[in-house]
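J.:
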Ligand SMILES: [Fe+2]
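Residue numbers (our numbering): 5 to 348.
What follows is the structure in structure tokens.
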């Protein structure tokens with residue numbers, strides 16, 4: 005315990021921590037939490053690294069009224085909180101007054117639908133399907149950019165009822181550690197090829213004959229190491245996505261053939277199945293006011309379906325960047341166009 009924070013292992017999860025501020029309650033809890041976190045600026049980030057890249061902070065209802073508090077909390081995790089006005093993000097998906105907040109909501113103007121397909125059928129034991137390929141959609145945020153971001157903070161302003169609209173997390177460092185030594189050696193120097201979702205480079209798009217979308221210079225697929233060394237903890241971690249966020253035309257693994265039947269494709273499927281197994285996964289069933297902080301350098305996540313006809317959902321996300329690791333030293337940002345003007 006430090007700085008009045010109580011930090012315990014996250015219940016019902018093989019990894020992650022649960023953070024509360026002791027001695028504070030009521031309408032000023034959120035303000036008190038942020039003030040305490042700023043007064044001891046390493047306390048919450050240190051907990052994030054100690055608990056393997058995942059923290060749940062419940063009860064931050066005050067962010068709903070004062071969204072700047074989310075940006076203040078985000079600043080503790082790195083040198084730069086992404087300004088979505090500067091990174092070609094559709095304005096309808098950016099908070100009206102706070103340009104560092106991405107709005108993930110089925111309400112206008114963001115109007116983002118839930119994952120297209122209803123949830124896969126429950127497992128035979130009644131449990132929530134989490135493991136790839138039964139569950140699909142696992143990704144790490146913005147892996148189609150170099151350098152990729154470090155940390156995401158995700159806040160539930162309006163959650164949907166429990167049992168739907170969950171966010172699933174998998175621990176890529178723990179999954180790497182558990183791999184057979186032969187697999188670790190095999191993947192040590194391989195790169196995956198990542199691409200923006202919606203580019204029609206997924207196995208399904210290829211199978212359905214959908215033509216790949218032309219990509220401009222700053223939208224090109226990006227190589228990322230299959231194994232990343234975490235710049236803070238020094239731990240190696242798997243770093244990959246699956247269907248829509250990898251390029252299955254030129255990849256998905258550089259040098260291991262091309263396309264959904266390639267050796268690289270089989271490797272991605274095998275690693276993703278391992279990574280999303282029960283020893284490494286957690287399902288967050290949201291309450292209003294919950295905040296989840298996760299480290300994109302060593303976790304993947306996925307969204308589950310919710311009934312968008314019956315329920316409103318309003319989530320706010322920030323992205324923190326600036327410490328991707330030595331692999332990316334001195335690189336220019338791949339996703340910022342050099343000469344083309346930003347669209348109005
Ligand atoms: Fe995401």
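Every residue gets a Cβ at the ideal spot worked out from N, C-alpha and C, and that includes glycine.
Keep in mind the model is a prediction, meaning the values are calculated, not measured.
Can you tell me whether residue 143 sits near ligand 1, meaning its C-beta is under 7 Å from at least one heavy atom of the ligand?
T.: Yes, ligand 1 has a heavy atom inside 7 Å of this Cβ.
J.: Apart from the five residues on each side of it in sequence, which residues of its chain come closer than 8 Å, Cβ to Cβ, to residue 272?
T.: Answer for residue 272: 196, 244, 246, 250, 256 and 257, listed in chain order.
J.: Would you identify the three-state DSSP class for residue 5, choosing helix, strand or coil?
T.: Reliability fails at residue 5, whose pLDDT of 43 lies under 50, so the model's placement of it is uncertain and no value is given.
J.: Ligand 1 and residue 65: does any heavy atom of the ligand fall closer than 7 Å to the residue's C-beta?
T.: Residue 65: no, Cβ never under 7 Å from ligand 1.
J.: Is residue 305 near ligand 1, judged by its Cβ being under 7 Å from some heavy atom?
T.: At least one heavy atom of ligand 1 is nearer than 7 Å to the Cβ of residue 305, so yes.
J.: Hey, residue 331 and residue 229 are a contact pair by Cβ (cut 8 Å); roughly how many whole angstroms apart?
T.: The pair is a contact, with the Cβ atoms about 6 Å apart (cut-off 8 Å).
J.: Given this structure, state the Cα-to-Cα distance separating residue 18 from residue 125, to the nearest angstrom.
T.: Taking the straight line joining both Cα atoms gives about 23 Å.
J.: Which same chain residues, not among the five before or five after residue 78, have their C-beta less than 6 Å away from its C-beta?
T.: Excluding residues within five positions, the ones whose Cβ falls inside 6 Å are 85, 157, 322 and 324.
J.: Need the endpoints of the alpha helix (DSSP H) that residue 174 sits in, please.
T.: Segment 171-175 is the beta strand (DSSP E) holding residue 174; no alpha helix (DSSP H) there.
J.: How many Å lie between residue 183 and residue 276 at the Cα?
T.: Their backbone Cα atoms lie some 12 Å apart in a straight line.
J.: Hey, would you say residue 235 sits closer than 8 Å to residue 329, going by beta carbons?
T.: Yes, these two residues count as a Cβ contact at 8 Å.
J.: Could you check which residue in 22, 287 and 102 has the C-alpha nearest to that of residue 173?
T.: When each option's Cα is compared against that of residue 173, the closest is 287.
J.: Between residue 133 and the rest of its own chain, which residues show a CB-CB distance below 6 Å, the 5 nearest in sequence each way excluded?
T.: Answer for residue 133: 124, 127 and 139, listed in chain order.
J.: To test your reading of the DSSP string, which unbroken alpha helix (DSSP H) runs of 4 or more residues are found completely within the region 210-283?
T.: Counting only runs of 4 or more, we get 267-279.
J.: Please name the residue, chosen from 49, 60, 34 and 67, that lies closest to residue 23 on a Cα-to-Cα basis.
T.: Comparing Cα positions, the closest option is 60.
J.: Once you ignore the five residues that flank residue 180 on each side, which residues in its own chain have a CB closer than 7 Å to its CB?
T.: So the qualifying residues of the chain are 231, 240, 241 and 242.
J.: Thinking C-alpha only, which one of 62, 112, 44 and 82 is nearest residue 312?
T.: Residue 312 has its Cα closest to that of 112, out of 62, 112, 44 and 82.
J.: What is the DSSP secondary structure of residue 113, counted as helix, strand or coil?
T.: Looking at residue 113 - three-state DSSP - the assignment turns out to be coil, as it is neither helix nor strand.
J.: I'd like to check one pair, residue 298 with residue 58: are the Cβ atoms closer than 8 Å?
T.: For residue 58 and residue 298, yes; Cβs fall inside 8 Å.
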